[in-house]
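Here our numbering is used: position 70 in the sequence shown is 885, and no number is missing along the way.
Inspection log for the structure reproduced underneath, given as structure tokens.
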Amino acid sequence: IGVGHGKTLISLLSATVIPCDRPLLLVPAALKKITLDERLPELKKHWRIRDDLRIESYHALSNKYTLLQDYAPDLIIADECHKLANRGSARTGRVLRYFRDNPATKFVGLSGTITRKSITDYWHLLLAALKEGAPVPLKFNEMQDWALALDDGINDWERPPPGALKLFAANDPSE
């Protein structure tokens, strides 16, 4: 969803429409104050937004190791979820560990720029949101194979042969 097209409203309403007891909304640090002081009060005039929606910044998640364990959210909403793209970062690691340890936790991710180069940018977020229903491989090594087949900039010698995709693409859909 592009800039100015409603991610804030969706993120604030998610906890209203998804059954949960302890919703947590993660936003970039620069947006936390604006969300709390300007956007939330204005949107509450027109929409039913839960009063118990906790709003934290990704910066707080990076710096406070026990933030997720202390609050124990059963719904995590990530506005600008591309901030969780780097699986090697502390904040992404904390979120992924939390999902691993609390598999019933629901996830909503919103971004206008979730894919930069590869399906590896968002694979783990799809699994967090859709679990076994994700339209991507569920195993890391299979995801890497997909990335080698789909991503741009892969050396020809690294790219796997098309296999069944070649047969699929050769079929005439009118038959």
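Here a beta-carbon is modelled for each residue, glycine too, at the ideal position from N, C-alpha and C.
Does the beta-carbon distance from residue i to residue j come in below 7 Å?
i	j	result
Leu-963	Val-951	no
Leu-882	Tyr-913	no
Leu-846	Ala-893	no
Ala-844	Ser-872	yes
Arg-869	Leu-899	no
Lys-921	Ile-833	yes
Ala-919	Ser-877	no
Cys-835	Leu-911	no
Once you ignore the five residues that flank residue i on each side, which residues in its own chain have a CB closer than 8 Å to its CB?
i	result
Leu-824	Leu-858, Trp-862
Expressed to the nearest angstrom, what Euclidean distance is found between the alpha-carbon atoms of residue i and residue j?
i	j	result
Arg-854	Trp-961	40 Å
Asp-967	Lys-860	46 Å
Lys-848	His-874	13 Å
Arg-974	Asp-867	48 Å
Lys-954	Pro-856	42 Å
Arg-837	Pro-888	5 Å
Arg-902	Asn-970	23 Å
Ala-943	Ser-829	16 Å
Asn-917	Ala-949	18 Å
Leu-851	Asp-885	21 Å
Asn-956	Lys-822	32 Å
Lys-932	Pro-976	21 Å
Lys-946	Gln-959	18 Å
Residues in its own chain within less than 7 Å of residue i by CB, not counting five upstream and five downstream?
i	result
Cys-896	Gly-924, Leu-925, Ser-926, Ile-929, Leu-940
Leu-965	Ile-934
Arg-915	none
Let's test the definition: count the other Cβ atoms within 10 Å of the Cβ of residue i and tell me whether it reaches 16, buried, or not, exposed.
i	result
Trp-972	exposed
Arg-909	buried
Using a Cβ-Cβ cutoff of less than 6 Å, which residues in the same chain neighbour residue i once the five nearest sequence positions on both sides are dropped?
i	result
Thr-935	Ala-962
Thr-831	Arg-863, Arg-865
Lys-879	none
Thr-907	Leu-899, Asn-901
At 4 residues or longer, what runs of the alpha helix (DSSP H) sit wholly inside the region 875-952? 882-886, 905-916, 938-945, all fully within the region 875-952.
Residue ranges of each beta strand (DSSP E) run of no fewer than 3 residues wholly in the region 835-865, ordered along the chain? As for any beta strand (DSSP E) of minimum length 3 sitting wholly inside the region 835-865, the runs are 838-842, ordered along the chain.
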